[in-house]
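Numbers given in the numbering used here equal positions in the sequence shown, counted from 1, plus 7. Ideal Cβ placement from N, Cα and C applies to all residues, glycine included. Quick caveat, the model's predicted, so the values are computed rather than measured.
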Amino acid sequence: MKKAFVLVLSCIIAVVLLILTGAFVSNVVSDKYFSEREASIAQTTNLAEAGINHGLEELRNKILVELDNTVSTHNNNSSFTSYVDDNTSDNDSLDFLCDFLGFSYPSGITDRVEFAFSSDDLPQSTRIKDLGSYSGKIIIKKQKDSEGNDLEAYATDPSNPNTFVFPYEFIIESSGITSAINEDLRLVQGQFDATVQRANFARFALFTNQHRSPRGYTVWFTGDTRFEGPVHTNDRFSFANNPSGYFTGEITQKLTKARFYNWGRSRLMDADRNGDIDVPTFEKGFQRGANLLNLESAVTQNDLRNQALGGMTEPGSTGVYVPNDGSQTTGGIYIRGDSSIDMSVDANDKAVYTISQGSGRHKVTKKIMLDYQTQQTQVQEYDWRDNLTGDDTYSGLPEGQGDEGVIIFSRGDIEGLSGTVQKDSQVTISSRDDISITGHIRYQQYDTSPTTNAEDYTNLLGILSWGGDVRIGSSAPSNLDVHGVIMAPHGVFTVDNYRSRSPSGNVNLLGGVITDKYGPFGTFSGTTQRSGYGRNFIYDTRMLGAMSPPYFPTATDFMATAPMLDRGMKDMDVIWQDKS
Numbered sequence: 008m009k010k011a012f013v014l015v016l017s018c019i020i021a022v023v024l025l026i027l028t029g030a031f032v033s034n035v036v037s038d039k040y041f042s043e044r045e046a047s048i049a050q051t052t053n054l055a056e057a058g059i060n061h062g063l064e065e066l067r068n069k070i071l072v073e074l075d076n077t078v079s080t081h082n083n084n085s086s087f088t089s090y091v092d093d094n095t096s097d098n099d100s101l102d103f104l105c106d107f108l109g110f111s112y113p114s115g116i117t118d119r120v121e122f123a124f125s126s127d128d129l130p131q132s133t134r135i136k137d138l139g140s141y142s143g144k145i146i147i148k149k150q151k152d153s154e155g156n157d158l159e160a161y162a163t164d165p166s167n168p169n170t171f172v173f174p175y176e177f178i179i180e181s182s183g184i185t186s187a188i189n190e191d192l193r194l195v196q197g198q199f200d201a202t203v204q205r206a207n208f209a210r211f212a213l214f215t216n217q218h219r220s221p222r223g224y225t226v227w228f229t230g231d232t233r234f235e236g237p238v239h240t241n242d243r244f245s246f247a248n249n250p251s252g253y254f255t256g257e258i259t260q261k262l263t264k265a266r267f268y269n270w271g272r273s274r275l276m277d278a279d280r281n282g283d284i285d286v287p288t289f290e291k292g293f294q295r296g297a298n299l300l301n302l303e304s305a306v307t308q309n310d311l312r313n314q315a316l317g318g319m320t321e322p323g324s325t326g327v328y329v330p331n332d333g334s335q336t337t338g339g340i341y342i343r344g345d346s347s348i349d350m351s352v353d354a355n356d357k358a359v360y361t362i363s364q365g366s367g368r369h370k371v372t373k374k375i376m377l378d379y380q381t382q383q384t385q386v387q388e389y390d391w392r393d394n395l396t397g398d399d400t401y402s403g404l405p406e407g408q409g410d411e412g413v414i415i416f417s418r419g420d421i422e423g424l425s426g427t428v429q430k431d432s433q434v435t436i437s438s439r440d441d442i443s444i445t446g447h448i449r450y451q452q453y454d455t456s457p458t459t460n461a462e463d464y465t466n467l468l469g470i471l472s473w474g475g476d477v478r479i480g481s482s483a484p485s486n487l488d489v490h491g492v493i494m495a496p497h498g499v500f501t502v503d504n505y506r507s508r509s510p511s512g513n514v515n516l517l518g519g520v521i522t523d524k525y526g527p528f529g530t531f532s533g534t535t536q537r538s539g540y541g542r543n544f545i546y547d548t549r550m551l552g553a554m555s556p557p558y559f560p561t562a563t564d565f566m567a568t569a570p571m572l573d574r575g576m577k578d579m580d581v582i583w584q585d586k587s
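The following block contains the structure:
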């Protein structure tokens, strides 16, 4: 009996052990299965997210590169007007993407267009077949207003359609696929406005048509040269010494060979450096053999003069004029004769333009004060003894007939320009003749970190000499600050007495320079600055988008921008979703 009990007990124990062993083995197999499945899920998710990033880069390339290249071949605004008119039954903003970028409508659907992509599109060396694959599509719809209605494309100025805005919503879908799991769908969505406009010369940190001095001499980039932002010449650049300039943006030139100083025995080379002798630094490369960019403008000197006159007959006598109808401004500010302009901000935060003409007993000064809160302009006149001789106030601001911003046009030299650009002001100061900068020109609002910038601010200045030069005057201080976009389409931006002026540090420019030739700033011997200024030019990145000084010259061709797509993903306000 005892043996039977022991045998039964042994059998029970064996069964229990077998059950426990089976459970253990089952758990091990199950854990291994789920572990492998979880790994496959994670891998598939990663593949799907890789597809999202691919799709986003594809969208950026489509809009920021391909669309920009495509619209640049068009010179006539009629290429775009059919997509922004009231008749959306023929063409609309979605048709625009199909016609210009190869998007297509899904079968039977009219409220969206699509473009497919996959991991097979990647270069052979970066394919991910060992891990799996992904496929996806970019879906573009029209943006909606607060009531759910479609937002159609539009021209910002229907009477003169040269800027077109296309409001879009995008969705990027991506399916990750591995051998174990067939699909894991990830979606990201957001919005952007694509803007097609006349190409903006202000988009360059430096643009020259001929990269030499007015007398035909070579002007060298040296160790005292620094440019932040895009730089282009329709000629060739010249580099001297090690270092020979620092460039943070893309640098392009029309000719295939650059000039290098080569210890005084200059040579032409299809290269970005001359060994260890002449060594510029390019953060984003140096492209030689780039396309010619035409300096011809769709905006003329007469256009700006007429905006300043506002329909008023051009006066024949010297003076400063604020065209008006007796109660309201009708144009900008028109100056006949030589003058000096000082910009300032008063205690009430008004923008003040103090414009003086003549000297001694013949000196006359007008103080023009702009109140952006009340939208009023006050004009005071003073005689040579600073006695007030006139005081009038008008509704409106001197922003021309197009209301783009303050426009000042001078028929004569501006012999002195300096001061502070008020925080709400966007102004272009233009002259038929020379403009001389005699003191610091700074925005009221700007930041100094990480570098000087006005990224989140409104104040903006354009300085434009139609037939002369923009010059740094002999009375300008050392380490001169100039905030603004400078253009001299038939001249140069240069320094007076650059050969004899003692070394004066740098001209610290926040903006850009567009000129016919490259004006000299100073001289050097070896790596030593001997006279004049160095160049510390910092690009105003606001000009990469649709922003430019009011009435500023534009090119005859078009460009496309989409600032929201130019941001990092964390700054794009996108919405992530999972969908299975």
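With DSSP as the reference, please indicate the residues paired to residue i in a beta bridge.
| i | result |
| --- | --- |
| I348 | I362 and L424 |
| H239 | F214 and T259 |
| S245 | R266 |
| V286 | DSSP output for V286 lists no bridge partner at all. |
| A562 | S304 |
| R506 | Its beta-bridge partners do not exist; DSSP assigns none. |
| Y1 | This structure cannot settle anything about residue 1, because the visible part of the chain is limited to 8 through 587. |
| V91 | According to DSSP, V91 bridges with nothing at all. |
| I146 | E121 and I178 |
| G197 | F177 |
Between the Cα of residue i and those of the options, spot the shortest distance and give me the residue it belongs to.
| i | options | result |
| --- | --- | --- |
| S351 | I448, G339 and L517 | I448 |
| Y389 | T372, Y546, D398 and M376 | T372 |
| I284 | T307, F293 and R266 | R266 |
| N207 | D573, L572 and F559 | F559 |
| W473 | D349, M550 and D441 | D441 |
| Y401 | G339, S324, N60 and N298 | G339 |
| A209 | D75, P556 and D356 | P556 |
| A123 | K357, S182, P510 and V72 | S182 |
| D332 | T561, L108, E257 and L316 | L316 |
| T259 | S220, L299 and R274 | L299 |
Along the chain, where does the beta strand (DSSP E) that runs through residue i open and close?
| i | result |
| --- | --- |
| D398 | L395 to S402 |
| F416 | V413 to R418 |
| T372 | V371 to D378 |
| F171 | T170 to I184 |
| S532 | G529 to S532 |
| D488 | L487 to A495 |
| Y389 | Q383 to Y389 |
| L129 | Run containing L129: none; DSSP gives neither H nor E here. |
Secondary structure at residue i, three-state DSSP: helix, strand or coil?
| i | result |
| --- | --- |
| V78 | helix |
| N543 | strand |
| I59 | helix |
| G292 | coil |
| Q204 | strand |
| P570 | helix |
| D410 | coil |
| K151 | strand |
| V226 | coil |
| M550 | helix |
| E321 | coil |
By Cβ distance below 8 Å, which residues in the same chain neighbour residue i in space, the five residues on each side in sequence not counted?
| i | result |
| --- | --- |
| D523 | T215, N216, Q217, L302, A495, P496, H497, G498 and V499 |
| T535 | none |
| H81 | F87, D564 and F565 |
| D503 | S443, R478, I479, G480 and S481 |
| T263 | D277, R295 and G296 |
Grab the span of the alpha helix (DSSP H) containing residue i for me, first residue to last.
| i | result |
| --- | --- |
| R312 | Q308 to L316 |
| S85 | S85 to T88 |
| D118 | Segment: none, D118 is in no alpha helix (DSSP H) and carries neither H nor E. |
| S114 | No alpha helix (DSSP H) contains S114, which DSSP labels as neither H nor E. |
| L108 | S100 to L108 |
Near residue i, which residues of its chain fall below 6 Å by C-beta distance, leaving aside the five closest residues on each side in sequence?
| i | result |
| --- | --- |
| I146 | R119, E121 and I178 |
| T28 | The predicted model places T28 with a pLDDT of 44, which falls under 50 and marks its position as unreliable, so this point remains unresolved. |
| I20 | Because the pLDDT at I20 is just 47, under 50, the model does not fix this residue reliably, and the value given afterwards should be weighed accordingly. So no residue of the chain qualifies. |
| E235 | T255, I545 and Y546 |
| I493 | I470, V477, F500 and V520 |
| F125 | It is Ser, not Phe, that sits at residue 125 in the sequence shown. Excluding sequence neighbours, S125 sits near S142. |
| A290 | The displayed chain sequence assigns Glu, not Ala, to residue 290. For E290, where only same-chain residues beyond five positions count, the Cβ hits under 6 Å are T255. |
Among residues of its own chain, excluding the 5 on either side of residue i, which ones have a beta-carbon nearer than 7 Å to its beta-carbon?
| i | result |
| --- | --- |
| N269 | N281, I284 and D285 |
| Q451 | V352, T427, V428, Q429, K430 and N466 |
| G491 | I448, L468, G469, I470 and G518 |
| A483 | I444, T445 and G446 |
Under 7 Å from any heavy atom of the ligand MN, does the C-beta of residue i make it?
| i | result |
| --- | --- |
| G282 | With respect to the ligand MN, the structure shown offers nothing to examine, as it has no ligands at all. |
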